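With the numbering used here as the guide, the letters of the sequence shown map in order to residues 293 to 865. Ideal Cβ placement from N, Cα and C applies to all residues, glycine included. Computed from a predicted model, the values in this text were never measured in an experiment. What follows is one structure encoded as structure tokens, with my remarks underneath.
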Amino acid sequence: MAKRELVATPRLATGVEGLDALLGGGLPDRRLTLLYGGTGVGKTVLALEILVNSAREGLPGVAVGFEEGPDELVENHVSFDWGLAETVDDKIHLMAARVEDEFYNAGAFDISGLLAAIEAKVKQTGARWVLIDGLDALLGTLGDRVAAMRELFRLKHWLTGCGVAVIMTAKLDHPDTTGGTHFRDMPYVADCVIELSNVAHKRTFARTLRVVKLRGGQSSSAEMPFVIRSSGVLVAERENYPLTAKVFDERLGTGLDRLDTMLRGGLIRGNSVLVSGPPGAAKTSLAACFAREMAERGERVLYVSFDEAGDQIVEDLLSVGIDLRPYVDSGLLQIHGILAGATSAEAHYIDIHHAIREFAPAHIVVDPISALVKAGGLEMAVDVSDRLLDLAKASGTTFYVTALSSSRTPSSDMESHLANIVDVWIGVSYRVDEGERNRALSVIKARGINHSNQIRELTLDDSGPSLADVYIASGEMLMGSARLREEQDAAARRRSEQHRYERDRQRVENEIADTSEQIATLTRKLDQQRVDLEQLERHAQDHLEQRVQDRGRLLRSRGADANDRRFSDEWPS
Numbered sequence: 293m294a295k296r297e298l299v300a301t302p303r304l305a306t307g308v309e310g311l312d313a314l315l316g317g318g319l320p321d322r323r324l325t326l327l328y329g330g331t332g333v334g335k336t337v338l339a340l341e342i343l344v345n346s347a348r349e350g351l352p353g354v355a356v357g358f359e360e361g362p363d364e365l366v367e368n369h370v371s372f373d374w375g376l377a378e379t380v381d382d383k384i385h386l387m388a389a390r391v392e393d394e395f396y397n398a399g400a401f402d403i404s405g406l407l408a409a410i411e412a413k414v415k416q417t418g419a420r421w422v423l424i425d426g427l428d429a430l431l432g433t434l435g436d437r438v439a440a441m442r443e444l445f446r447l448k449h450w451l452t453g454c455g456v457a458v459i460m461t462a463k464l465d466h467p468d469t470t471g472g473t474h475f476r477d478m479p480y481v482a483d484c485v486i487e488l489s490n491v492a493h494k495r496t497f498a499r500t501l502r503v504v505k506l507r508g509g510q511s512s513s514a515e516m517p518f519v520i521r522s523s524g525v526l527v528a529e530r531e532n533y534p535l536t537a538k539v540f541d542e543r544l545g546t547g548l549d550r551l552d553t554m555l556r557g558g559l560i561r562g563n564s565v566l567v568s569g570p571p572g573a574a575k576t577s578l579a580a581c582f583a584r585e586m587a588e589r590g591e592r593v594l595y596v597s598f599d600e601a602g603d604q605i606v607e608d609l610l611s612v613g614i615d616l617r618p619y620v621d622s623g624l625l626q627i628h629g630i631l632a633g634a635t636s637a638e639a640h641y642i643d644i645h646h647a648i649r650e651f652a653p654a655h656i657v658v659d660p661i662s663a664l665v666k667a668g669g670l671e672m673a674v675d676v677s678d679r680l681l682d683l684a685k686a687s688g689t690t691f692y693v694t695a696l697s698s699s700r701t702p703s704s705d706m707e708s709h710l711a712n713i714v715d716v717w718i719g720v721s722y723r724v725d726e727g728e729r730n731r732a733l734s735v736i737k738a739r740g741i742n743h744s745n746q747i748r749e750l751t752l753d754d755s756g757p758s759l760a761d762v763y764i765a766s767g768e769m770l771m772g773s774a775r776l777r778e779e780q781d782a783a784a785r786r787r788s789e790q791h792r793y794e795r796d797r798q799r800v801e802n803e804i805a806d807t808s809e810q811i812a813t814l815t816r817k818l819d820q821q822r823v824d825l826e827q828l829e830r831h832a833q834d835h836l837e838q839r840v841q842d843r844g845r846l847l848r849s850r851g852a853d854a855n856d857r858r859f860s861d862e863w864p865s
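Rendered as structure tokens:
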């Protein structure tokens, strides 16, 4: 007897972001999958999106609703971007199977006729998927647990012969609940069981998804959050990034030249950067300067702002000379305004992760990341921030975040946690002196950068943030009015020194001019004296020559001795 070849159960991809990774490839083909959970957790939305995604890949489907008719099903889900209306009647075929009131608790209803109708539709359309939505409404018509089990096994055997993958949904808070005991067996019959639930986090609810069971394959059993957006269902993925990251040596500007100087050339690409400080300390302005700097380089920047709309941020930053509008219009800068307390921190992570996948930015700014504390508490906020940082590190994306720093709020613990794990920590603070509140900035930590240890005054004006010169008096750093006075005094001292220099320079120049004039006069006098001397010498020589001539004539006239010294031609001494 030949040995039978065993093959693994094939999978059908769902096309739902994050779900296929959780399932290890997709739902089992030609098997029964149960989606169960309480009211409003998104069972029907998830099931319909799977059918639409599969239909687009050439795998038609049939949807049977026990609670909603075909028209209602389309109307209730037409607002989603995955396009149910475009695939209905062409690739997805809807069937109505409402359970009328007279069938409830009758105990005589079975699904044989329904399965026959579905099978006929499957053969007619070539469907590979069948959705049975609201199975609990059907089982509720049966009188006891035995009858429910009989119909469930009837469904499973039909599935084996029909050769389609079946998804059924049911309202079931938990299989171990005491109410409706004949619903408990549904997870046992199914080959794949996915539990959807709503989890309360303070004032918000977070949807979670867990693969309870998957026959014939491996899957993650972790309870993962998911969100329902206009694009459909987004399931978080628990990425297991290795303890490695892309290493760069390229320097990036922060948007402030003097801060770049403090960082010995700027940030390193792929760094994680934390700017922390109290409210109003210019954290957002610094983050916006970085976003503008990167957009000017032609690199994509994703800017996530909690509790402030994107248009409002752009408008507010104009007051300090930062205009982000050109970069938003060009598509290089995407600003996502998110209400922090509207949902859980996990849901925010899914939305941000989805935005990163869609936009593929080179840099991510989250302002302020400490707002996640309001969306589920400190523990969840820390976990989400760690996952975002790991995601950025693994992809070599610069991760620039701001955090509120205040001893009166739990977010200060968030700051402490982030400060330990980021590459660069820049602290902004206030200094109150002489009735003024002035901003200060310092680079507290910068891995791999021999940074400055100076505390610099951070100023804001119409030209944007800038760092003022450092003024130290009596060992204390001067800021605000004290610095301005010192600058004015220093300017006055420079002017006084300049005036004194000009006065002394003018005096010396005048003396040089006088001396030069005296030298010129003496030179002229000396030249005249030399001329007079030359004239005297010529006159003397002429006189001597004349005497010699006169003596010669006299001697010749007298016939005297030529050696007579009285008639010498020498000049008398």
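Only counting the same chain, and skipping five residues up and downstream in sequence, which positions put a Cβ closer than 7 Å to that of N563? T690, D715 and V716
I741 (DSSP reduced to helix, strand or coil): coil
Please list, in chain order, all residues of the same chain as V735 whose beta carbon is under 7 Å from its beta carbon, the five residues on each side excluded. M554, L555, I718, H743 and S744
When the distance is taken between beta carbons, is L696 closer than 8 Å to L733? no
Which residue comes first and which comes last in the alpha helix (DSSP H) that contains A514? No alpha helix (DSSP H) holds A514; DSSP gives it neither H nor E.
If you drop the 5 nearest sequence neighbours on each side, which residues of the same chain put their C-beta closer than 6 Å to that of I342? T306
So, does the stretch 374-386 touch the stretch 316-330, judging by three or more C-beta pairs under 8 Å? no
Proximal residues to M706 (C-beta, below 7 Å), its chain only, five neighbours per side dropped: S662, V665, L670, A673, V674 and A695
How would you label G353, buried or exposed, when you count the other beta carbons within 10 angstroms and need 16 or more for buried? buried
Beta-carbon within less than 7 Å of L551's beta-carbon, same chain only, minus the 5 sequence neighbours each way: which residues are those? L759
Pick out whichever of S568, V620 and I741 has its Cα sitting closest to the Cα of Y692. S568
Using a Cβ-Cβ cut-off of 7 Å (strictly less than) and excluding sequence neighbours within five positions of H646, which residues of its own chain qualify? E309 and L526
Identified DSSP bridge partners for N368: Answer is none; N368 lacks a bridge partner.
Taking 8 Å as the threshold (beta carbon to beta carbon), is L327 in contact with chain C? Of the protein chains in the structure, only one exists, and it is not chain C.
Check the C-beta distance from D541 over to I520 and give it rounded, since I have them as a contact under 8 Å. D541 to I520, Cβ: 43 Å. No contact.
Delimiting residues of the beta strand (DSSP E) encompassing A637: Per DSSP, A637 belongs to no beta strand (DSSP E); it is in the alpha helix (DSSP H), A637 to F651.
Could you check the C-alpha separation between G472 and G688 for me, to the nearest Å? No answer about G472 holds up, because its pLDDT of 49 lies below 50 and its placement is not dependable.
Proximity below 8 Å, CB of D599 to CB of L631: yes
Could you work out which residue in L406, S489, V422 and T417 is closest to R446 when comparing CA atoms only? L406
With a Cβ-Cβ cutoff of 8 Å, do W374 and G602 count as a contact? no
With C-beta atoms as the reference, is L326 less than 8 Å away from A482? yes
Pick helix, strand or coil for R543, following the three-state DSSP scheme. strand
Tell me the start and end of each unbroken alpha helix (DSSP H) in the stretch 564-608 that is at least 4 residues and wholly inside, in chain order. 575-588
Just curious, the alpha helix (DSSP H) that S611 is in, first and last residue? Unbroken run through S611: none, as it is neither H nor E.
Contiguous beta strand (DSSP E) assignments of at least 3 residues, all confined to the stretch 302-335: 324-329
Would you decide whether V370 is buried or exposed? Buried here means 16 or more other CB atoms lie within 10 Å of its CB. exposed
Could you tell me which of V720, I713, R748 and R731 sits nearest to R739, measuring between CA atoms? I713
Please work out which residues of its chain come closer than 7 Å, Cβ to Cβ, to T336, disregarding the five sequence neighbours upstream and downstream, and give them in chain order. D425 and T461
Within a Cβ cutoff of 6 Å, which residues of the same chain sit near G545, ignoring the five residues on either side of it in sequence? D552, G558 and E585
What are the boundary residues of the beta strand (DSSP E) that includes S755? Looking at the DSSP string, S755 is not in any beta strand (DSSP E), and its letter there is neither H nor E.
What's the C-alpha gap between A412 and V658? 54 Å
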